[in-house]
Amino acid sequence: MSTAITHLHTALHLAAAGVPVLPLRVGKVPFGNCRACAKNVCGGRPNMKRAGTCRCPAPCHAWAAATIDRNVVNSPLWVAVWERAVCVGYHPGGARLTVVDLDNAAAVAWARESLPATRTVATTRGEHWIYRGVMGSHNAVRVGVDIKSRMSYARWLGPGAGRMVDLPSAVRALAGREETTPARGEVVSSLPERATWDRTVATGCRHTDGYVRIGLERGLTLVRSRVESGAGSQAFGVARFLAAQHTGCPGPCGLDVIGGEIVAAAVSVGVPEPYARRAVTNGLSAAERGAA
Ligand SMILES: [Zn+2]
Ligand SMILES: [Zn+2]
Ligand SMILES: [Zn+2]
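All residue numbers for the sequence shown refer to numbering that gives the first Met the number 0, where the first residue is 0 and numbers rise by one.
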């Protein structure tokens, strides 16, 4: 049997079991949109965050195209794409599941100590831990750990082994306030002390004051704009991005002060301080490792 037929066969099997599927291409990512859907000019699909009316018959809009309809999965348009697919993807949220994606052995070791045992599936370098229940998806909740559920896709690597259990609070807690909703009013009073970056804390930095300051302000604006959700993940990304600019500096560059400003920005939009600090610390150290 060719791999294309195997993928289609697997996909039909999953769809019949109520797991929405989509084809993934090289890089294990969804195929690009067709011309009519390019850059979302179609408005996007009805299940997306900004609901649109797209009814494109091709597997456009990544996870949002995932379906359990065998007539779609088996349609000539989709079959042509299965022929170019490298693997089968699925939409965990659509199957009422949450995948904790552990990227490497260190992340797996952490999960074994910290999370309730459930069904696990081996991946290239790590494991997927699959829980019954739905939550928001979050990248980099810790180093090497992503949560994939709503509005997300995961690679199908087989049914795995072990008894699946209900999504535990320990996993929801990884996503911080984005899954818990704190009381209003606590936010402002708990703003951490904020030092401001300037040359006196960055005696070994190769960049101009203006360069560092503009980059930092842009990053803080990004974090503060995430008033609905995602500020923690954004803080991680901003910390990593800004720290990466200094991997060539002899230092010190005042990265701890920059980190403190990012934490304050995240806390100002409601991220709990311990969670914000962890995201920023992880972001800063991810940049260091990226340079090594
Ligand atoms: Zn399309
Ligand atoms: Zn479309
Ligand atoms: Zn520097």
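Think of the CB as a built atom: it goes at the ideal place given N, C-alpha and C, for glycine as much as any other residue. Just so we're clear, the structure is a prediction, and the values are computed from it rather than from any experiment.
DSSP places residue 254 inside the alpha helix (DSSP H), whose first and last residues are 254–267.
Distance from the Cα of residue 28 is smallest, within the candidate group 65, 253, 50, for 65. For residue 88, the enclosing beta strand (DSSP E) starts and ends at 86–89. Counting only the Cα atoms, residue 272 lies some 27 angstroms from residue 130.
Annotation note: the stretch 50–110 contains the following uninterrupted alpha helix (DSSP H) runs of length 4 or greater, listed N- to C-terminal: 69–72, 75–81.
By a beta-carbon distance limit of 8 angstroms, residue 143 contacts residue 101. Their separation comes to about 7 angstroms. Pairing residue 107 with residue 146 gives a Cβ-Cβ distance that is not under 8 angstroms. In this chain, the beta strand (DSSP E) harbouring residue 121 covers 118–121. According to the DSSP assignment, residue 7 belongs to the alpha helix (DSSP H) that extends over 2–15. By the C-beta criterion, the stretch 158–167 is judged not to be in contact with the stretch 201–218, since fewer than 3 inter-stretch pairs fall below 8 angstroms.
CA-to-CA, the gap between residue 72 and residue 60 works out to about 15 angstroms. Put simply, the residues with a CB less than 5 angstroms from any heavy atom of ligand 2 are 36, 41, 53, 55, 59, in chain order. For residue 224, the closest C-alpha among the options 265, 53, 85 is that of 265. Put simply, the stretch 120–127 does not touch the stretch 77–86. Fewer than three CB pairs are less than 8 angstroms apart. Looking at the backbone, the Cα of residue 249 and that of residue 261 are separated by about 22 angstroms.
Pairing residue 214 with residue 278 gives a Cβ-Cβ distance that is not under 8 angstroms. Contact between residue 69 and residue 21 fails: their C-beta atoms lie close to 14 angstroms from each other, not under 8 angstroms. Residue pairing for residue 137: DSSP places it in a beta bridge opposite 146.
By DSSP's assignment, residue 213 forms no beta bridge with any residue.
Residue 237: member of the alpha helix (DSSP H) spanning 230–243, first to last residue. Secondary structure at residue 221: helix, using DSSP grouped into helix, strand and coil.
In this structure, DSSP gives residue 198 a helical state, which the three-state scheme calls helix.
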